[in-house]
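Protein chains in written order, with my numbering: chain H, 12 to 197; chain S, 12 to 197.
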């Protein structure tokens, strides 16, 4: 099975040329898998900022990092990703969004179009040239569909002289599978 | 700039795990760049079959291969890709399609929906599990748009238990850029 999260990880790893000593952001901690991936990728000299509004998500992420002995290189922030600019000053190499709700958690607590677009604008502002922003969106449920449309229109509006934007879908599924948006800054 | 041909090459290289000793097919020789890429990828023990109906395309491809000293591992076939099954018996690891017309050549000679779909069916039949078929389509001109729709519907109809199909578009362009379809066999 193609996993859209793995495709996103590959693109991030390629954009970082194997990573090392750079800043990365997990805009949606969730279960912590993206943070763990980024923490490995940036290496001992790098740092990851991870955002989530739910303590449960940050706790799960902290547990994963502890297991992998990677706690030192990650800052967990209990705040929505629309506030990332308050916490980060330097240019970042990668920002990873995995929208929707915490798997196995409270489904009424999910990302929303408004805050996601604010966060995306901040992410692009923080992004260094050559860096990448990836967004996985879930059109399979009603609010996810609205959010997916908002992300699509936002991505489509980005100037092609400054950003390359690709949109990947898995087209032979019966249900509406997650979609991957990737924005690279020139 | 993101180049869709480079994205296709990356996917093929990943599917072949660095390649080596396998069979690959360039379904549309064109200027020969895909054949050259595949010839390098399959290595000394592998082989590439390259199809084109135009002698001009095969000549350009032959010249590229000669320059790279890779002539030995490629069979150039002057035939439409809808006849690939007549020439290949063993399972192949990758089949690469770059639709449309020969760059700089006669634009009235282009791939067509009917023969492309026949070729795609043969390609999937020849494909070994784990192998990949990539198709770059050009919806920017009228016939290319029809062909793109045909490929899209064909890809969407493939059974998700047997094939993973991804569709990649570059969404922040003013014109209609090429699109990449990738089919992996489980």
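Virtual Cβ for every residue (Gly too), placed ideally from N, Cα, C. What you are looking at is a predicted structure, and each value in this text was computed from that prediction instead of being measured.
Measuring only the C-alpha atoms, how far is residue 90/S from residue 61/S?
Taking the first residue of the second chain as position 1, residue 90/S is located at position 79. Taking the first residue of the second chain as position 1, residue 61/S is located at position 50. Their Cα atoms are separated by approximately 9 Å.
Is there contact here, the segment 103-114 of chain H with the segment 74-86 of chain H, by at least three beta-carbon pairs under 8 Å?
The segment 103-114 of chain H vs the segment 74-86 of chain H: no contact.
Which chain S residues are close to residue 1/H, counting only those with a beta carbon under 9 Å from its beta carbon?
The requested residue 1/H is not part of the displayed model; chain H covers only 12 to 197.
Based on the DSSP secondary-structure assignment, which residues constitute the bridge partners of residue 190/S?
To locate residue 190/S, count along the second chain from 1; it is residue 179. Partner(s): 148/S.
Member of 44/H, 129/H and 76/H whose CA lies at the smallest distance from the CA of residue 96/H:
Taking the first chain and counting its residues from 1, the one referred to as residue 96/H is at position 85. From the listed residues 44/H, 129/H and 76/H, the smallest Cα separation to residue 96/H is found for 129/H.
Which term fits residue 183/H, buried or exposed, when burial requires 16 or more other beta carbons within 10 angstroms of its beta carbon?
Here residue 183/H is taken as the residue at index 172 of the first chain, counted from 1. Looking at its Cβ environment, which holds 16 or more other Cβ atoms inside 10 Å, residue 183/H is buried.
Would you identify the three-state DSSP class for residue 168/H, choosing helix, strand or coil?
Position 157 of the first chain, counted from the start, is the residue given in the question as residue 168/H. Note: residue 168/H maps to helix in three-state DSSP.
If you draw a straight line from the alpha carbon of residue 194/S to that of residue 154/H, how long is it in whole angstroms?
Here residue 194/S is taken as the residue at index 183 of the second chain, counted from 1. Here residue 154/H is taken as the residue at index 143 of the first chain, counted from 1. Taking the straight line from one Cα to the other gives about 30 Å.
Please say whether residue 151/H and residue 187/H have beta carbons closer to each other than 7 Å?
As a first step, residue 187/H is located in the first chain; it is residue number 176 there, counting from the start. As a first step, residue 151/H is located in the first chain; it is residue number 140 there, counting from the start. Contact: yes.
Round the Cβ separation of residue 115/S and residue 196/S to the nearest angstrom and send it over; I've been treating them as touching at under 8 Å.
For the purposes of this step, residue 115/S is taken as the residue at position 104 of the second chain. For the purposes of this step, residue 196/S is taken as the residue at position 185 of the second chain. Actually they are not in contact, since the Cβ atoms of residue 115/S and residue 196/S sit about 34 Å apart, beyond 8 Å.
Answer with buried or exposed for residue 167/S, where buried requires no fewer than 16 other C-beta atoms within 10 angstroms of its C-beta.
As a working mapping, residue 167/S is identified with position 156 in the second chain. Residue 167/S is exposed by the Cβ-count criterion.
Which full runs of the beta strand (DSSP E) of 3+ residues lie inside the segment 55-86 of chain H, going along the chain?
Entirely contained in the segment 55-86 of chain H, the beta strand (DSSP E) runs reaching 3 residues are, in chain order, 58-63.
Applying a beta-carbon distance threshold of less than 8 Å, which residues of chain H neighbour residue 171/S?
Residue 171/S sits at position 160 when you count from the first residue of the second chain. Result: 183, 184 and 185.
Buried or exposed, going by whether 16 or more other CB atoms sit within 10 Å of the CB of residue 112/S?
By one-based count along the second chain, residue 112/S stands at place 101. Buried.
Residues bridged to residue 34/S by DSSP?
Along the second chain, one-based indexing puts residue 34/S at 23. In DSSP, residue 34/S forms a bridge with 58/S.
Can you list the residues of chain H that residue 167/S reaches, using a CB-CB cut of under 7 Å?
In the second chain, the residue the question calls residue 167/S occupies position 156. 182 and 183, listed in chain order.
When you compare only the Cα positions, how much space is there between residue 190/S and residue 192/H?
Taking the first residue of the second chain as 1, we reach residue 190/S at position 179. Taking the first residue of the first chain as 1, we reach residue 192/H at position 181. Cα to Cα, the separation comes out at about 15 Å.
Check: residue 59/H C-beta below 6 Å from any heavy atom of the ligand NAP:
Here there are no bound small molecules, and the ligand NAP is not part of this structure.
Three-way DSSP call (helix, strand, coil) for residue 175/H in this model:
If you number the first chain from 1, residue 175/H lands on position 164. In this structure, residue 175/H counts as strand in the three-state DSSP scheme.
Excluding five sequence neighbours on each side, which residues of the same chain lie with their C-beta closer than 6 Å to the C-beta of residue 179/S?
What you label residue 179/S is simply residue 168 of the second chain in a count that begins at 1. Exclusion of the five residues before and after residue 179/S leaves 191 as the residues of its chain whose Cβ lies within less than 6 Å of its Cβ.
Give the range of the beta strand (DSSP E) segment to which residue 104/H is assigned.
For the purposes of this step, residue 104/H is identified with residue 93 of the first chain, where counting begins at 1. Element bounds for residue 104/H: 103-109.
Within its chain, find whatever has a CB closer than 8 Å to the CB of residue 172/S; leave out the 5 residues flanking it on each side and keep chain order.
Position 161 of the second chain holds residue 172/S. Same-chain partners within the cutoff: 197.
Determine the closest residue to residue 85/H out of 34/H, 123/H and 132/H, with distance taken between C-alpha atoms.
Reading the first chain from its first residue, position 74 is the one you call residue 85/H. Among 34/H, 123/H and 132/H, the Cα nearest to that of residue 85/H belongs to 34/H.
Since residue 52/H and residue 27/H are thought to touch, with beta carbons under 8 Å apart, how far apart are those beta carbons, to the nearest angstrom?
Numbered from 1 along the first chain, position 41 holds the residue referred to as residue 52/H. Numbered from 1 along the first chain, position 16 holds the residue referred to as residue 27/H. Rounded, the Cβ-Cβ distance is 6 Å, consistent with contact.
Nearest to residue 64/S by CA position, among 14/S, 41/S, 165/S and 161/S, is which residue?
Position 53 of the second chain, counted from the first residue, corresponds to residue 64/S. Checked all of 14/S, 41/S, 165/S and 161/S; the closest Cα to residue 64/S is 41/S.
Quick check: residue 124/S and residue 161/S, are their CB atoms within less than 7 Å of each other?
On the second chain, position 113 is the one that residue 124/S refers to. On the second chain, position 150 is the one that residue 161/S refers to. Contact flag set, yes.
Is the beta carbon of residue 74/H closer than 7 Å to that of residue 110/H?
If you number the first chain from 1, residue 110/H lands on position 99. If you number the first chain from 1, residue 74/H lands on position 63. Result no, Cβ atoms of residue 110/H and residue 74/H do not sit closer than 7 Å.
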